[in-house]
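Residue numbers (our numbering), protein chains in the order written: chain L, 1 to 112; chain G, 1001 to 1116.
What follows is the structure, given as structure tokens:
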């Protein structure tokens, strides 16, 4: 079983749609959670951290469910510029090495 | 702004050549990482370092070595390049400082290496 699993998609949605991505992780002791965004042929960039209480940044909402070991990302009112690959990322190292585990990513294509 | 700089965006080498990929970060981060990214396989960790002169193997270290002589610089070395090492190579750095910024990795723009 992969440590971090995501549906690779692609998700094809019209502009203005609401889309949700889910991600599951295998280590119940995982401590930190993130969503990264990667544009085509570019490097991954942090989109948002995911906190236990859930958090929102504009049109983006991230949720964490520790009991079920999944993380979600909700994008409201999709824009063409949201087209990218979204990476679910988990840190479960007990020490300070900062090692992260990346999911393979979910591809989103927003159409006019 | 955090800046992670990789020395080359594109590199073409021949089989058997020794290849050096350089990465420099300007945020005094303790941790540095080298990944490769291939279609369908996602990001795979090659090596990482949590301090000067310290290194740890990642998931796919075979055929690679690293060097961290200074805190800001982390080099990836392909001792004898092979065609299956053709890939996008990404360097990242992060801080161990407590707080909301802890463990967030910042990436360089990547080096697309082709081995012929």
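Built from N, CA and C at the ideal position, the CB exists for glycine as well.
None of the values given here were measured: they were computed from a predicted structure.
| said: Below 9 Å on C-beta distance, what does residue 1110 of chain G contact in chain L? | reply: 41, 42 and 43
| Residues within the region 1026-1044 of chain G neighbouring chain L, beta-carbon criterion of under 7 Å | 1031, 1042 and 1043
| Counting pairs of beta carbons, one from the region 1005-1021 of chain G and one from the region 1050-1058 of chain G, are three or more of them closer than 8 Å? | no
| message | Run through the DSSP bridge pairs and tell me what residue 6 of chain L is partnered with. | response | L/23
| For the region 83-109 of chain L, which residues have a CB atom closer than 9 Å to at least one CB atom of chain G, in sequence order? | 87, 89, 91, 93, 95, 96, 97, 98, 99, 100, 101, 102, 103, 104 and 105
| Straight-line Cα distance separating residue 16 of chain L from residue 100 of chain L | 32 Å
| query | How many angstroms separate the CA atom of residue 13 of chain L from the CA atom of residue 1077 of chain G? | reply | 42 Å
| query | Who are the Cβ neighbours of residue 1038 of chain G in its own chain at under 7 Å, not counting the five residues just before and after it? | reply | 1087
| message | To the nearest angstrom, how far is the alpha carbon of residue 1043 of chain G from that of residue 102 of chain L? | response | 7 Å
| request: Identify the contact partners of residue 1094 of chain G in chain L, using a Cβ-Cβ distance below 9 Å as the criterion. | output: 98 and 100
| said: Taking the straight line between their C-alpha atoms, what separation do you get for residue 1108 of chain G and residue 77 of chain L? | reply: 30 Å
| field | Cα-Cα separation between residue 42 of chain L and residue 1112 of chain G, rounded to whole angstroms | value | 11 Å
| field | Interface partners of residue 1078 of chain G on chain L, CB under 8 Å | value | Those do not exist, as residue 1078 of chain G stays about 20 Å from chain L at its closest Cβ, beyond 8 Å.
| task | Step through the CB atoms of chain G and report whether any lies within less than 8 Å of the CB of residue 30 of chain L. | result | no
| request: Would you give the residue range spanned by the beta strand (DSSP E) that residue 1015 of chain G belongs to? | output: That residue, residue 1015 of chain G, is in no beta strand (DSSP E); it is neither H nor E in DSSP.
| said: If distances are taken between C-alpha atoms only, which option among L/48, L/31 and L/80 comes closest to residue 18 of chain L? | reply: L/80
| query | At a CB-CB cut-off below 8 Å, which residues of chain L make contact with residue 1074 of chain G? | reply | Near residue 1074 of chain G there are no residues of chain L at all, since even the closest Cβ is about 13 Å away, more than 8 Å.
| Proximity test, Cβ basis, 8 Å: residue 11 of chain L and chain G | no
| query | When burial is assigned at 16 or more other CB atoms within 10 Å of the CB, is residue 1090 of chain G buried or exposed? | reply | buried
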